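Engineer: Before I ask anything, let me first share the structure, which is written out below as structure tokens.
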Amino acid sequence: MNRRILISGASIAGPTLAFWLARYGFTPTVVERAPRLREGGNGVDVRGQAVEVAERMGIMPQIRAAAADVTGLSFVDAANRSLARIDMRAIQRRAASAEVEIMRGDLAAILHEATRDVEYVFGNSIRAIEQDEDGVTVGFEHGPTRRFDLVVGADGTHSTVRRLTFGPESQFVKHLGYYFAFAEADPALGERRWVTLYNLPGRAASIYRSGTHAGAKANFIFRSRPIPYDHRDVEQQKRLLSEAFADLPWLVPDLLAGALADPDFYFDALSQVRMASWSSGRVALAGDAAHCASPAAGAGATLSLVGAYRLAGELSSAAGDHRIAFRRYEQGYRKTVGRSQSNLFIGMIAPKSRRGIWARNTMARLPLLGAMAGVERRLQPRIQPLPDYGSATGSFRA
Ligand SMILES: Cc1cc2nc3c(=O)[nH]c(=O)nc-3n(C[C@H](O)[C@H](O)[C@H](O)COP(=O)(O)OP(=O)(O)OC[C@H]3O[C@@H](n4cnc5c(N)ncnc54)[C@H](O)[C@@H]3O)c2cc1C
Numbered sequence: 418m419n420r421r422i423l424i425s426g427a428s429i430a431g432p433t434l435a436f437w438l439a440r441y442g443f444t445p446t447v448v449e450r451a452p453r454l455r456e457g458g459n460g461v462d463v464r465g466q467a468v469e470v471a472e473r474m475g476i477m478p479q480i481r482a483a484a485a486d487v488t489g490l491s492f493v494d495a496a497n498r499s500l501a502r503i504d505m506r507a508i509q510r511r512a513a514s515a516e517v518e519i520m521r522g523d524l525a526a527i528l529h530e531a532t533r534d535v536e537y538v539f540g541n542s543i544r545a546i547e548q549d550e551d552g553v554t555v556g557f558e559h560g561p562t563r564r565f566d567l568v569v570g571a572d573g574t575h576s577t578v579r580r581l582t583f584g585p586e587s588q589f590v591k592h593l594g595y596y597f598a599f600a601e602a603d604p605a606l607g608e609r610r611w612v613t614l615y616n617l618p619g620r621a622a623s624i625y626r627s628g629t630h631a632g633a634k635a636n637f638i639f640r641s642r643p644i645p646y647d648h649r650d651v652e653q654q655k656r657l658l659s660e661a662f663a664d665l666p667w668l669v670p671d672l673l674a675g676a677l678a679d680p681d682f683y684f685d686a687l688s689q690v691r692m693a694s695w696s697s698g699r700v701a702l703a704g705d706a707a708h709c710a711s712p713a714a715g716a717g718a719t720l721s722l723v724g725a726y727r728l729a730g731e732l733s734s735a736a737g738d739h740r741i742a743f744r745r746y747e748q749g750y751r752k753t754v755g756r757s758q759s760n761l762f763i764g765m766i767a768p769k770s771r772r773g774i775w776a777r778n779t780m781a782r783l784p785l786l787g788a789m790a791g792v793e794r795r796l797q798p799r800i801q802p803l804p805d806y807g808s809a810t811g812s813f814r815a
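Counting the sequence shown from 1 gives a position; our numbering is that position plus 417.
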């Protein structure tokens, strides 16, 4: 029962879910709207239980080999003079953290490679979902209607599966008062192995330069009330960013010019997804679609890896019975998600006032390694041990 499972979204949660479902003998299909695997994004963290999940998948060596190798944050003034630094690597060493920072695109590529046997359909999207007693009839933007036993939305904060099943996103996506953008940057602008960050009140621009990648990324954050915009209209988003960062000093004009020319430009509201339930009948949600914590929590990839592992494991343990599995998945994982959603560090990255920037820089100069290591340990989602669902291949575990 419930063998054929359609997953919408091929980023982090989708391929992880597909990996484990295939391992347990289900038949997953992944549909991704983009014409090919999306490469964009800055560094994301694989930490805590996500390291265990990646180890059980056998992909931790690839993740370590592709690690971004970034030392920490360097705060600078308008003349690019260093004001303070936070050595994140030293903090992680003190916290005995097995955490790895990796470019989001590299992680997505490793997960895709690990699921080569799974059917991927790129350049398509679910358009309609109709559930009945025995399964789900799914209509696509292109091609014929298909029938599946279950559908999982792993299609991010603006999930189509969530909209079609639970209603408009305005009910679930909570604006955190900031907007952010990622784009390519000229590596010559930044210091190797550091994130170099310039602030004005409520605004931050930075260059992310890893030790293992030739390129660099620009990152912009600005504070704003909700702005009505079309999240698929990239030109409109570029205009919003230009307005927010017009006439700023430092390297902002160069970073902006690079961002506006980048075809992979990524812009979004800093927001969280909060839902009363992550499933409805034969449809469930995973990753950001269910519980986005926002990039300001630094937990998106970790939560997606662990959540997808748990969802597949519960389906296997319940011999495919979605009613049991979806309930256990949610009961077992909500607490971890809630904790990550309440750990935001936006105040450190983009303080609201000059006084806040000064206080952040002063703190960063103090010898607070021990205290910061404590914070780092708190960020590891380890409320309960990671369940072991066995690693049966090709058969359901009853
Ligand atoms: C291009 C990109 C860059 C990112 N960069 C960063 C970053 O630098 N830092 C950070 O903290 N987080 C970043 N994120 C978000 C981060 O990946 C997530 O927070 C986290 O990893 C959760 O992953 P997810 O798989 O649940 O969702 P996401 O990573 O958001 O992936 C959702 C996937 O679903 C696809 N999709 C969307 N709608 C549909 C549809 N209708 N049909 C089919 N597929 C659909 C998207 O194209 C995407 O591939 C980025 C996400 C993307 C897509």
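Glycine included, C-beta positions come from ideal geometry on N, C-alpha and C.
All figures in this text were calculated on a predicted structure; none of them were measured in a lab.
#1: If you follow the beta strand (DSSP E) that residue 591 is in, where does it begin and where does it stop?
#2: In terms of DSSP beta bridges, what is residue 492 paired with?
#3: Shorter than 8 Å, the distance from the beta carbon of residue 728 to the closest heavy atom of ligand 1, or not?
#4: Mapping the DSSP letters down to three states, classify residue 778 as helix, strand or coil.
#5: Buried or exposed: residue 752, going by 16 or more other Cβ atoms within 10 Å of its Cβ?
#6: With contact counted as at least three CB pairs below 8 Å, one residue from each stretch, are the region 684–692 and the region 637–654 in contact?
#7: Taking the alpha-carbon positions, what's the residue 371 to residue 552 distance?
#8: Cα-Cα, which of 491, 745, 775 and 481 is closest to residue 610?
#9: Measure from the alpha carbon of residue 594 to the alpha carbon of each residue in 468, 428, 757 and 638, then state which is nearest.
#10: Would you mind sorting residue 523 into buried or exposed? The rule is 16 or more other CB atoms within 10 Å of its CB.
#11: Could you have a look at residue 722 and say whether DSSP puts it in helix, strand or coil?
#12: Just to confirm, are residue 704 and residue 461 a CB contact at a threshold of 9 Å?
#13: Roughly how many whole angstroms lie between the Cα atoms of residue 731 and residue 745?
#14: Using 8 Å as the cut-off, can you tell me whether the region 709–726 makes contact with the region 460–475, which would need three or more C-beta pairs spanning the two stretches below that distance?
#15: Report the three-state DSSP secondary structure of residue 815 (helix, strand or coil).
#16: How long is the line joining the alpha carbons of residue 770 and residue 494, rounded to whole angstroms?
#17: For the alpha helix (DSSP H) that residue 655 lies in, which residues bound it at each end?
#18: Looking at the structure shown, is residue 769 part of a helix, part of a strand, or coil, going by DSSP?
#19: Buried or exposed, going by whether 16 or more other CB atoms sit within 10 Å of the CB of residue 762?
#20: Check whether the Cβ atoms of residue 447 and residue 475 lie closer than 9 Å to each other.
#21: Quick check: residue 627 and residue 633, are their CB atoms within less than 9 Å of each other?
#22: I need the DSSP call for residue 783, collapsed to helix, strand or coil.
Structural biologist: Reading off the structure:
#1: 590–602
#2: 501 and 614
#3: no
#4: helix
#5: exposed
#6: Taking a contact to require three or more Cβ pairs closer than 8 Å, the region 684–692 and the region 637–654 qualify as touching.
#7: No answer is possible for residue 371: it lies beyond the span of the chain, which begins at 418 and ends at 815.
#8: 491
#9: Out of 468, 428, 757 and 638, 638 has the C-alpha closest to the C-alpha of residue 594.
#10: The residue in question, residue 523, is buried, as its Cβ has 16 or more Cβ neighbours within 10 Å.
#11: helix
#12: no
#13: Cα to Cα, the separation comes out at about 7 Å.
#14: yes
#15: Its pLDDT being 41, under 50, residue 815 is placed unreliably in this model, and the coordinates cannot settle the point.
#16: Rounded to whole angstroms, residue 770 to residue 494 spans 15 Å at the Cα level.
#17: Unbroken alpha helix (DSSP H) run through residue 655: 651–662.
#18: coil
#19: exposed
#20: No.
#21: Remark: C-beta atoms of residue 627 and residue 633 approach each other more closely than 9 Å.
#22: Residue 783 falls in the coil class under three-state DSSP.
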